[in-house]
Structures are given as structure tokens and as C-alpha cells.
Amino acid sequence: MWDAFGFEFVNFYFIPGLVLGCIYALGAIGITLTFSILRFANFAHGELMMIGSYLTWTVMAIATAFLGIALHPLIAAVPATIVLIFLFLWTDKFFYKPFRKADTIKVVMASFGMMLVLRSAVQVIWGPNQQTFVSGIAKPNPVLREWSGGLDLMLLIPNKHLFIFAGTLIFVIALSYLLNRTRIGKAMRAVSDSPDLAHVTGIDVDQVIRATWIVGGTCAMAAGVFLAMDVQMLETTMGFRMLLPMFAAAILGGIGKPYGAVVGGLVIGLAEELSAYPWIGDAPLLSPGYKSGVAFAIMVIMLIVRPQGIFKGRSF
3 MWDAFGFEFV NFYFIPGLVL GCIYALGAIG ITLTFSILRF ANFAHGELMM
53 IGSYLTWTVM AIATAFLGIA LHPLIAAVPA TIVLIFLFLW TDKFFYKPFR
103 KADTIKVVMA SFGMMLVLRS AVQVIWGPNQ QTFVSGIAKP NPVLREWSGG
153 LDLMLLIPNK HLFIFAGTLI FVIALSYLLN RTRIGKAMRA VSDSPDLAHV
203 TGIDVDQVIR ATWIVGGTCA MAAGVFLAMD VQMLETTMGF RMLLPMFAAA
253 ILGGIGKPYG AVVGGLVIGL AEELSAYPWI GDAPLLSPGY KSGVAFAIMV
303 IMLIVRPQGI FKGRSF
């Protein structure tokens with residue numbers, strides 16, 4: 003039978019690390035696109051993720067109360083995504099666009115202020131207390147594999163984790179197609195390289211900015227819903243807690259490199275979970291309460307050693 007080391011390591015540390023990495027990756031995609039095209043760090047991105055999960059929960063509650071239908075979170079996320087995209091576009095029009103020509107620090111402070119405004123709005127509308135996103139216990143699906151050598155391998159993967167893995171893969175493939183095969187995707191890459199040159203060549207920069215917010219909003223919605231599905235709870239600081247690891251993932255992969263954000267997210271997620279594994283003795287290497295410090299440490303080391311990230315992104 004599979005020894006206790008492998009069973010515990012894979013099922014309770016490695017797989018949760020991959021799940022967390024997928025969530026970080028989707029959130030980091032929006033951050034790196036905003037940074038590369040609009041040239042500022044959007045500190046409100048985590049709060050928008052959190053709002054997306056609350057909107058999805060609201061759609062589920064309305065469907066249950068008025069239609070008697072228990073919607074799956076991924077189905078409820080479709081109408082919620084439309085609302086969140088409008089919120090992304092609204093914040094850009096009224097809060098970021100007036101600072102388009104201003105110094106970067108002014109836009110950063112505006113995004114920080116927007117983060118506080120959005121969090122306060124959620125606390126007013128939905129309340130400051132925790133909400134149950136999906137009730138019940140997620141039952142794992144045991145997957146057993148046997149080899150002729152006598153080794154049995156059992157994986158415990160609940161459906162929610164399968165949805166997160168599949169959803170992240172679909173988003174990455176769709177993003178790759180968008181950036182490499184579509185006209186708006188190529189325009190986004192051109193504006194990322196040089197906004198002024200892209201404008202001279204006839205590219206509608208405002209349209210590219212709107213597309214950036216739409217793509218970033220969709221990825222933020224997916225990250226927020228996947229996070230809520232994983233922890234099965236909603237609370238008003240969940241977006242803020244995700245902000246630092248997502249920035250660390252974007253910096254690790256390389257600012258302006260969406261694929262780098264995916265790799266960076268997976269690395270950060272695995273590093274956080276594996277740091278709590280008892281590599282020596284029975285005590286964890288780090289207390290689970292310090293896992294967020296792992297992302298911060300990786301980000302600082304990367305900024306010192308290789309500021310452009312793994313995939314040689316922008317270095318400002």
C-alpha cells in the first residue's frame with residue numbers, strides 16, 4: 003500500500019498547493035495585464051475579485067429563493083461576470099481615466115483608495131460577517147491506481163478541485179488564443195510594448211484598455227469564485243489577503259507576461275503549502291499562519307536577484 007508519506011504529501015499539501023496556485027495564477031493575469039498596458043499597480047484588483055464572489059453568491063441566493071433552483075457556482079458566475087465587468091469599466095472611467103496622463107504614484111494611490119471604497123461598499127451591502135458560500139462538506143473522489151510492482155496510489159480530489167483545475171486550463175488556453183490569434187489580442191500586445199507607437203499605427207488605445215479590463219475582470223471573477231468554492235466561505239478581507247501573493251506571482255513570472263503570471267502563481271501556491279509540510283520530524287517547517295510570508299519573501303528575493311522575473315518581463 004502507498005506509504006503514509008506519499009499519501010499525506012500529495013493529497014494534503016501538493017494538490018492543495020496546485021489549487022491555490024491556480025487561483026493565484028488567474029488573479030495575477032489581471033494584475034500583469036493592467037500593469038503592462040496601463041502602467042500602474044491596481045491595488046483594487048483583490049477587492050474586485052471578492053465582489054465577484056459575492057455577486058455569484060447573490061445570484062445563487064436569488065435563484066434559490068425565487069425559483070427554487072440550486073445553481074452551481076460556475077453557472078451563477080456567468081451573469082455575475084457581466085455585472086463585474088461593468089464595475090471594472092465603471093471604475094476605469096470615473097477613477098482611473100482622469101489620471102491617465104498623471105504620475106504613476108497618483109494612479110496607484112487612486113487604486114488604493116478604490117480598494118478601501120469597494121471593501122466598505124461590500125460591508126454595507128452584504129454585511130461584515132462571514133457568509134457560507136456552499137454549504138456541506140466537499141466529498142473527495144478517491145482515484146486509485148495500481149501497478150504490477152505492488153505500489154498503490156490513491157488520490158483524494160473533490161469535485162471543486164477538479165472544476166478549478168479544468169477552469170484554469172480553459173482560461174489559459176482561451177487567453178493564449180486571444181493574445182496570439184485575435185486582432186484585439188495583438189493590439190493589446192502592441193500597446194503593452196509601446197502605447198504611443200501603437201496609437202500612431204492606428205490602434206484604438208481606448209478600445210485596448212477596455213478589452214484589458216474585460217479580460218482582467220473575467221479572470222478576477224474566476225479567481226474569486228474558485229477561491230470561494232475552495233474555502234466555502236465569503237468574508238470582506240479575502241481579496242486583500244490574496245493581493246500580495248498575486249503581486250508576487252506576477253513579479254515572479256515577469257510583469258507583462260501572462261504566461262509568466264500562470265507559472266508564478268503555481269510556484270507561489272506550491273511554495274506556500276509545501277512550507278507547512280513537516281519535512282524534518284513531525285513539526286511543520288513553518289507554521290501555517292506564516293504562509294503568506296513565503297510569498298512576500300519570494301517577491302523580495304526576485305526583485306533583488308532578477309527584477310524582470312522568470313520570463314524577462316518589464317522592469318521599472
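Each residue of the sequence shown is one higher than the one before, counting from 3 in this note's numbering. We treat Cβ as the ideally placed atom computed from N, Cα and C, and that holds for glycine.
Quick one: what does DSSP say residue i is sitting in, helix, strand or coil?
i, result
"Ile282", "coil"
"Pro160", "strand"
"Lys95", "helix"
"Gln133", "strand"
"Pro142", "strand"
"Gly295", "helix"
"Thr203", "coil"
"Arg212", "helix"
"Arg41", "coil"
"Ile77", "helix"
"Ser150", "Low local confidence applies: a pLDDT of 46 at Ser150 is under 50, so the model's placement there is unreliable, and no value is given."
"Ile312", "coil"
"Thr184", "coil"
"Arg102", "coil"
"Ser122", "helix"
"Ala176", "helix"
"Ser194", "helix"
"Ala189", "helix"
"Ser113", "helix"
"Ser289", "coil"
"Ile332", "Missing from the structure shown is residue 332; the chain here goes from 3 to 318 and no further."
"Ser341", "Outside the shown range of the chain, which is 3 to 318, sits residue 341, and nothing can be said about it."
"Ala63", "helix"
"Ala225", "helix"
"Ala46", "coil"
"Tyr261", "helix"
Apply the 10 Å Cβ neighbour rule to residue i and answer buried if 16 or more other Cβ atoms are within range, or exposed otherwise.
i, result
"Thr83", "buried"
"Pro100", "exposed"
"Thr214", "buried"
"Lys103", "exposed"
"Arg183", "exposed"
"Ile17", "buried"
"Pro247", "buried"
"Trp59", "buried"
"Arg121", "buried"
"Phe135", "buried"
"Ser277", "buried"
"Ser150", "Here the model assigns Ser150 a pLDDT of 46, short of 50, so the residue's position is not dependable, and the following value carries that caveat. Exposed: under 16 other Cβ atoms inside 10 Å."
"Val296", "buried"
"Ile33", "buried"
Look at the alpha carbon of residue i and the alpha carbon of residue j, and state the distance between them as a whole number of angstroms.
i, j, result
"Ala63", "Met51", "19 Å"
"Ala30", "Met156", "32 Å"
"Gly311", "Val227", "28 Å"
"Val110", "Ala65", "38 Å"
"His201", "Val207", "6 Å"
"Pro309", "Ile303", "9 Å"
"Ser194", "Ser38", "5 Å"
"Met190", "Tyr179", "13 Å"
"His163", "Leu171", "12 Å"
"Ala67", "Val61", "10 Å"
"Thr239", "Ala252", "21 Å"
"Tyr56", "Ala123", "12 Å"
"Ile77", "Val174", "19 Å"
"Val264", "Cys221", "12 Å"
"Met301", "Ala43", "15 Å"
"Val233", "Trp128", "18 Å"
"Ser294", "Thr203", "44 Å"
"Ile107", "Phe249", "17 Å"
"Ile186", "Asp94", "19 Å"
"Val12", "Lys188", "39 Å"
"Gly266", "Tyr292", "19 Å"
Less than 7 Å between the CB of residue i and some heavy atom of the ligand MG, yes or no?
i, result
"Phe88", "Absent from the structure shown: the ligand MG. Ligands present: none."
Can you check whether the CB of residue j is closer than 8 Å to the CB of residue i?
i, j, result
"Gly258", "Gly315", "yes"
"Val269", "Leu288", "no"
"Val21", "Ile166", "yes"
"Gly54", "Met223", "yes"
"Tyr279", "Tyr26", "no"
"Pro260", "Leu177", "yes"
"Leu236", "Gln132", "yes"
"Gly218", "Leu89", "no"
"Phe9", "Ser113", "no"
"Leu2", "Ile211", "In the structure as shown, the chain starts at 3 and stops at 318, and residue 2 therefore has no counterpart that could be examined."
"Pro75", "Met244", "no"
"Gly262", "Phe298", "no"
"Glu274", "Gly115", "no"
"Leu28", "Ala168", "no"
Query - Whole alpha helix (DSSP H) elements within the segment 232-258, 4-residue minimum - result: 240-255
**Study point:** Ordered list of alpha helix (DSSP H) runs contained in the segment 3-29, each at least 4 residues
**Key:** 6-11
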